[in-house]
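Chains as they are written, first to last, in my numbering: chain R, 1 to 366; chain B, 1001 to 1248. From the three backbone atoms N, C-alpha and C, an ideal C-beta is built for every residue, glycine too. Working notes for the structure below.
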Ligand SMILES: Nc1ncnc2c1ncn2[C@@H]1O[C@H](COP(=O)(O)OP(=O)(O)OP(=O)(O)O)[C@@H](O)[C@H]1O
Ligand SMILES: [Mg+2]
């Protein structure tokens, strides 16, 4: 009977309930999507960098694992020192450049031969290798997303590139140009942002890394095997803050809408609360009834939110095929918990007010 | 001012011998109710002495504003008295906490109001059953059957309040008030919103409840014809009971 009363009350004002449900749904969707987008991006970047196939990478001092945010590039001469080291089979210098036109992409400036030596070479879907200074390779995802064809011109970094080939994705970046061209375009003559190092055998990784640390004391030396685990949002303080603020924003939406909705509910039901009190309902009974009602609204909102998440993910990945959105059970559960707690906290003050209403005033309320 | 022991232990045998009759279902002793709003004070009750025996049907009459509703609220524990004592079935309301008064009301008092005050989202059945649930002993089909058939509600149970006539709504409200077998039923102008025909039906049913089930009833009314259904009529004026003095 209490359950029936709660359910009937939930559906008594369908529009208000719908708004609350949607707010909770948006809250849940925002949390899952923001986390899914950032972790998808990180995961995908990490996998691509791993896909280069190197054993170690050397970056300038205090460079971030997020290579796009690397500091000042290093002199390319360092390569010679690296090549002299024991167990080193190949060294590929790469210059990184952000391309912000039409999305955020990282462009790799590569030496075709050394990059091939480290990574084992590209798998070509179409076209062929970089042969002229203005040639560019794009990966299949990029080609599909931007509808790029071999032979066409691609305007990037204030330069007209000629699309020489479309390659299988997963080799560090989605765009590759000759390193000299990128050095000129970005004013970094004879510079490289990162050296990918391939060893004779992967087992030597630790030994070579130790040796490198001695030779290049302040440089960042990272085994690529750990790269995936290093690519977490906590390694990038700004990203962590961004995620947290987005979650806070989502929670505020849910909290405020539930708060307001419950606040209007208890004003609207003042008389009914008085009636329940005249029947001997305790304060606890009234609080429980209102919180149960909130829980039902949150429950529907969460289901809707999870549905909206998958719908939104489908839409986003269709519109932006290069996007990876990782929806994990872990974060679905967390978003659920966040929504339930946020909703109950939002409802608790109105519920407390309701439980304290003077029954006589409540019964004479018009 | 009485000492704490007498206030806290009203049910102890030998307590105030001769003054509190153990047989009384209700007794008020020099009961005061003062409303304060800011600096303004209104004394709605100014020393009410009122007694009701088990099984009585008492009508309380008096001019508007004389404190009838206030008296009922204080008896039913919806409001706290300012001074004096209220004993409901031997329990002194003045000595109880808010939570304990709520519990006492839940178990011993039923309320019926002039405005029927049914829960609009529930049907008649739900309105009655919810009182049983709040009471905490769960649904009692036998009691439900007895009450609803006596109030002739059997075929109206699955209608929402908005689909019921005023008389039917008030009968549902009465059913809800007595479903848990309260010691005392408090009705505040139960026919105030009803036409003559429905008033007669409702009053007849109250009398039947009183006679057949022995339900103790205190009913407020303005209407002498309604008061005539009661076994005893008391009059109030200016916050006191003025028995024997006829109404204006
Ligand atoms: N909450 C309140 N605050 C202040 N004064 C109040 C309050 N409730 C009632 N009063 C005053 O107390 C007095 C008694 O009110 P009460 O409602 O008990 O009268 P009543 O006999 O039931 O009147 P009626 O027949 O019109 O229902 C009135 O003067 C009223 O204005
Ligand atoms: Mg009144």
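How would you list, in chain order, the residues of chain R whose beta-carbon sits under 7 Å from the beta-carbon of residue i?
| i | result |
| --- | --- |
| residue 1073 of chain B | 360 |
| residue 1151 of chain B | Those within 7 Å of residue 1151 of chain B in chain R number zero; the least Cβ separation is about 17 Å. |
| residue 1105 of chain B | 280 |
Cβ closer than 8 Å: which chain R residues qualify as neighbours of residue i?
| i | result |
| --- | --- |
| residue 1121 of chain B | 5, 8, 9, 12 |
| residue 1193 of chain B | Within chain R, no residue comes near residue 1193 of chain B; the closest Cβ sits about 14 Å away, beyond 8 Å. |
| residue 1111 of chain B | 278, 279 |
Can you list the residues of chain B that residue i reaches, using a CB-CB cut of under 9 Å?
| i | result |
| --- | --- |
| residue 2 of chain R | 1130, 1133, 1134 |
Using CA coordinates, which residue listed in the options is at the minimum distance from residue i?
| i | options | result |
| --- | --- | --- |
| residue 279 of chain R | B:1211, B:1182, B:1201 | B:1182 |
| residue 1220 of chain B | B:1177, B:1174, B:1114, B:1132 | B:1114 |
| residue 150 of chain R | R:129, R:158, R:157 | R:129 |
| residue 1149 of chain B | B:1171, B:1135, B:1167, B:1159 | B:1171 |
| residue 192 of chain R | R:256, R:274, R:79, R:216 | R:79 |
| residue 25 of chain R | R:74, R:277, R:285, R:255 | R:255 |
| residue 127 of chain R | R:120, R:162, R:108, R:105 | R:162 |
| residue 1026 of chain B | B:1127, B:1033, B:1085, B:1067 | B:1085 |
| residue 51 of chain R | R:271, R:218, R:118 | R:118 |
| residue 84 of chain R | R:218, R:301, R:212 | R:212 |
| residue 1216 of chain B | B:1155, B:1152, B:1175, B:1053 | B:1053 |
| residue 157 of chain R | R:326, R:166, R:169, R:183 | R:183 |
| residue 1237 of chain B | B:1070, B:1057, B:1029, B:1024 | B:1070 |
Mind pulling the chain R residues with CB within less than 9 Å of residue i?
| i | result |
| --- | --- |
| residue 1117 of chain B | 271, 272, 274, 275, 278, 363 |
| residue 1126 of chain B | 1, 4, 5, 8 |
| residue 1031 of chain B | None at all; the shortest Cβ gap to chain R is about 16 Å. |
| residue 1078 of chain B | 274, 277, 278, 358, 359, 360, 363 |
Following a CB-centred definition, is residue i positioned closer than 6 Å to any heavy atom of ligand 2?
| i | result |
| --- | --- |
| residue 1069 of chain B | yes |
Would you mind telling me which residues of chain B sit closer than 7 Å to residue i, beta carbon to beta carbon, in chain order?
| i | result |
| --- | --- |
| residue 282 of chain R | 1099, 1102 |
| residue 285 of chain R | 1134 |
Given that a residue counts as buried once 16 or more other Cβ atoms are within 10 Å of its Cβ, and exposed if not, what is residue i?
| i | result |
| --- | --- |
| residue 354 of chain R | buried |
| residue 1142 of chain B | exposed |
| residue 198 of chain R | buried |
| residue 1158 of chain B | exposed |
| residue 349 of chain R | exposed |
| residue 248 of chain R | exposed |
| residue 54 of chain R | buried |
| residue 1105 of chain B | buried |
| residue 1241 of chain B | buried |
| residue 1060 of chain B | buried |
| residue 1224 of chain B | exposed |
| residue 1042 of chain B | exposed |
| residue 1018 of chain B | Any reading at residue 1018 of chain B needs caution, since the residue's pLDDT is 46, under 50, leaving its predicted position unreliable; the model's value is listed next. Counting Cβ neighbours within 10 Å, residue 1018 of chain B comes out exposed, since fewer than 16 surround it. |
| residue 1232 of chain B | exposed |
| residue 1248 of chain B | Unreliable positioning characterises residue 1248 of chain B in this predicted model, as indicated by a pLDDT of 43, which lies under 50. A coordinate reading is not provided. |
| residue 1101 of chain B | buried |
| residue 329 of chain R | exposed |
| residue 1040 of chain B | exposed |
| residue 1038 of chain B | exposed |
| residue 382 of chain R | Only positions 1 to 366 of chain R appear in this structure, which leaves residue 382 of chain R out of reach. |
| residue 147 of chain R | exposed |
| residue 17 of chain R | buried |
| residue 1156 of chain B | buried |
Are there any heavy atoms of ligand 1 lying less than 6 Å away from the beta-carbon of residue i, as far as the coordinates show?
| i | result |
| --- | --- |
| residue 1081 of chain B | no |
| residue 1074 of chain B | no |
| residue 365 of chain R | no |
| residue 348 of chain R | no |
| residue 1042 of chain B | yes |
| residue 1065 of chain B | yes |
| residue 1035 of chain B | yes |
Inset, instruction - Could you tell me whether the region 26-40 of chain R touches the region 1158-1169 of chain B, where touching means 3 or more Cβ pairs closer than 8 Å? - result: The region 1158-1169 of chain B and the region 26-40 of chain R do not touch, with fewer than three beta-carbon pairs separated by less than 8 Å.
Inset, instruction - Report yes or no: do three or more beta-carbon pairs, one from the region 1174-1192 of chain B and one from the region 284-297 of chain R, lie closer than 8 Å? - result: Result no; under three Cβ-Cβ pairs closer than 8 Å.
Inset, instruction - Report yes or no: do the region 255-265 of chain R and the region 38-50 of chain R share at least 3 C-beta pairs separated by less than 8 Å? - result: They do not touch, by the three-pair rule.
Inset, instruction - Would you be able to state if there are at least three C-beta pairs under 8 Å between the region 325-338 of chain R and the region 47-65 of chain R? - result: With fewer than three CB-CB distances shorter than 8 Å, the region 47-65 of chain R does not count as touching the region 325-338 of chain R.
Inset, instruction - For the region 1195-1206 of chain B and the region 1128-1143 of chain B, state whether three or more C-beta atom pairs, one from each stretch, are separated by less than 8 Å. - result: Short answer: they don't touch.
Legend entry - the region 134-147 of chain R contacting the region 172-182 of chain R, beta-carbon criterion three pairs below 8 Å: With a cut-off of 8 Å, the region 172-182 of chain R and the region 134-147 of chain R count as touching, because enough Cβ pairs lie within range.
Inset, instruction - Report yes or no: do three or more beta-carbon pairs, one from the region 1075-1084 of chain B and one from the region 1031-1038 of chain B, lie closer than 8 Å? - result: Between the region 1075-1084 of chain B and the region 1031-1038 of chain B, the count of Cβ pairs shorter than 8 Å is three or higher; the stretches touch.
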